[in-house]
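Protein chains: 2
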Amino acid sequence: MTAPKASPPAETDIEEGKAFSPRFDASGLVPVVVTSAASGEVLMLAYMNGEALARTIETGEAQFWSRSRNRLWRKGEESGNTMRVTELRTDCDQDALWLKVELGGAEACCHTGRKSCFYRALPIGEGKAAGIALTFVENERLFDPEKVYGHASAAKGNLKTQG
Amino acid sequence: MTAPKASPPAETDIEEGKAFSPRFDASGLVPVVVTSAASGEVLMLAYMNGEALARTIETGEAQFWSRSRNRLWRKGEESGNTMRVTELRTDCDQDALWLKVELGGAEACCHTGRKSCFYRALPIGEGKAAGIALTFVENERLFDPEKVYGHASAAKGNLKTQG
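Residue numbers (the working numbering), protein chains in the order written: chain A, 2 to 164; chain B, 2 to 164.
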């Protein structure tokens, strides 16, 4: 006989309870919406594993799991563009997080030098989705990726004049 | 000899180009951050497959892929709490979308009756992540899930008095 395994929390507890029990996906990750505490705009969508989440909660500095580099990633470790967390929320079924942050450094979030990663928009209701063309709605670069990351960059956009 | 396969767009084109080429994950889905066009707050994180995305672009009404029901899901089809899209953006590497919406019906997004799915916050920098307790930062319900969905609901929170 084996001891009964602890049951996962019931749906009611997950949605209406006060116990934080984040649900990670099959890869051990949870998606995180990052918004600017100052402007409210969405800066990026990133992912955390358990360690990144624990470190973010403990230190108040945003850390993520980099899927491209397959390692823990303290935001701004290379660029200096850190993120101080002002609020962290979970959603109803606890499989997504929302982080409000204050940007450090050049106050840019995107590796292309722009403030937000969401700098291009799609037209809505104007026809079929196929072959649709994007519009640049934000094109100012707050830093030069080539200088910051030390390798050639394809980033375009208008580089902000250094004051 | 076989004809060479069309290459996927180069990184530069994906990040700096005007061609919309969304990257779906292994399940054929792309995560979508949904914010309120009126208040800017994050309402939910949902997922689209190619069909949901195409229908959203063509109709201007938000449609998603329901992972729990495994089918296309026109937001508000049951509750009447539809979402009219005012803007749709893609991020730098085109593997996430941002939808700004105007809420219809009771102007609630969450199936628990609350406006946003992100109604609970975690304390930051106050110790270890384990055993952390959530705080309800938004607890008004704009509709009664039991009445709207026609089955018993565990949703708590304060139901808004009907005017």
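We treat Cβ as the ideally placed atom computed from N, Cα and C, and that holds for glycine.
- Query: Short check: CB of residue 88 of chain B to CB of residue 38 of chain B, under 9 Å?
  - Reply: yes
- Query: Is residue 62 of chain A buried or exposed, if buried means 16 or more other CB atoms sit within 10 Å of its CB?
  - Reply: buried
- Message: Strictly under 9 Å for the Cβ-Cβ distance: is residue 145 of chain B near chain A by that measure?
- Response: no
- Thinking C-alpha only, which one of A:81, A:120 and A:98 is nearest residue 16 of chain B? A:120
- Assigned exposure category for residue 164 of chain A - 16 Cβ within 10 Å defines buried: Note that residue 164 of chain A scores a pLDDT of 45, beneath 50, so its modelled location is shaky and nothing firm can be said.
- Task: Taking all protein chains shown into account, decide if residue 152 of chain A is buried (16 or more other Cβ within 10 angstroms of its Cβ) or exposed.
- Result: exposed
- How would you label residue 144 of chain B, buried or exposed, when you count the other beta carbons within 10 angstroms and need 16 or more for buried? buried
- Message: Output needed for residue 73 of chain A: all residues of its chain with C-beta closer than 7 Å, excluding positions within five of it in sequence on either side, in chain order.
- Response: 52, 53, 64 and 66
- Query: When the Cα atoms are used, what is the spatial distance from residue 107 of chain A to residue 155 of chain B?
  - Reply: 46 Å
- Query: Counting only beta-carbon atoms, is residue 149 of chain A nearer than 9 Å to chain B?
  - Reply: no
- Task: Would you kindly work out how many angstroms separate the C-alpha atoms of residue 1 of chain B and residue 161 of chain B, rounded to a whole number?
- Result: Beyond the ends of chain B as shown, which are 2 and 164, falls residue 1 of chain B; an answer cannot be given.
- Task: State the start and end residues of the unbroken beta strand (DSSP E) segment that holds residue 102 of chain B.
- Result: 98-104
- Message: Beta carbons nearer than 7 Å to chain A: which residues of the stretch 76-103 of chain B have them?
- Response: 86, 88, 89, 90, 91, 92, 93, 97 and 99
- Query: According to DSSP, is residue 48 of chain B helix, strand or coil?
  - Reply: strand
- Closer than 9 Å at the beta carbon, the chain B residues around residue 45 of chain A: 92, 93 and 97
- Excluding the 5 residues preceding and the 5 following residue 57 of chain B in the sequence, name in chain order all residues of the same chain whose CB lies nearer than 6 Å to its CB. 63 and 64
- Message: Considering only the alpha carbon of each residue, which of A:142, A:134 and A:110 lies closest to residue 44 of chain A?
- Response: A:110
- Item | Backbone secondary structure at residue 20 of chain A - three-state DSSP | strand
- Assign residue 134 of chain A to buried or exposed, taking buried as 16 or more other Cβ atoms, counted over all protein chains shown, within 10 Å of its Cβ. exposed
- Does the beta-carbon of residue 19 of chain A have 16 or more other beta-carbons within 10 angstroms, so that it is buried, or is it exposed? exposed
- Query: Of the choices A:95, A:112 and A:26, whose alpha-carbon is the least far from that of residue 122 of chain B?
  - Reply: A:95
- Task: Give me the Cα-Cα distance between residue 80 of chain A and residue 90 of chain A, rounded to the nearest whole angstrom.
- Result: 26 Å
- Query: Cβ of residue 59 of chain B less than 9 Å from any chain A Cβ?
  - Reply: yes
- Message: Just to confirm the assignment: which complete beta strand (DSSP E) runs, minimum length 3, are found wholly within the stretch 48-90 of chain A?
- Response: 64-67 and 72-75
- Task: Between the Cα of residue 55 of chain A and those of A:92, A:21 and A:34, spot the shortest distance and give me the residue it belongs to.
- Result: A:21
- Please name the residues in the stretch 17-36 of chain A whose beta-carbon is closer than 8 Å to at least one beta-carbon of chain B, in chain order. 17, 18, 19, 20, 21, 32, 34 and 36
- Item | Assigned secondary structure, residue 10 of chain A (DSSP; H/G/I helix, E/B strand, else coil) | coil
- Task: Would you list the one or two residues that DSSP bridges to residue 25 of chain A?
- Result: Bridge partners of residue 25 of chain A: none, in fact.
- Which bits of chain A does residue 41 of chain B rub up against, with CB to CB less than 7 Å? 41
- CB residue 99 of chain A to CB residue 31 of chain A, shorter than 9 Å? no
- Output yes if chain A places a C-beta closer than 9 Å to the C-beta of residue 72 of chain B; else output no. no
- Consult DSSP for residue 31 of chain A and reduce its assignment to one of helix, strand or coil. strand
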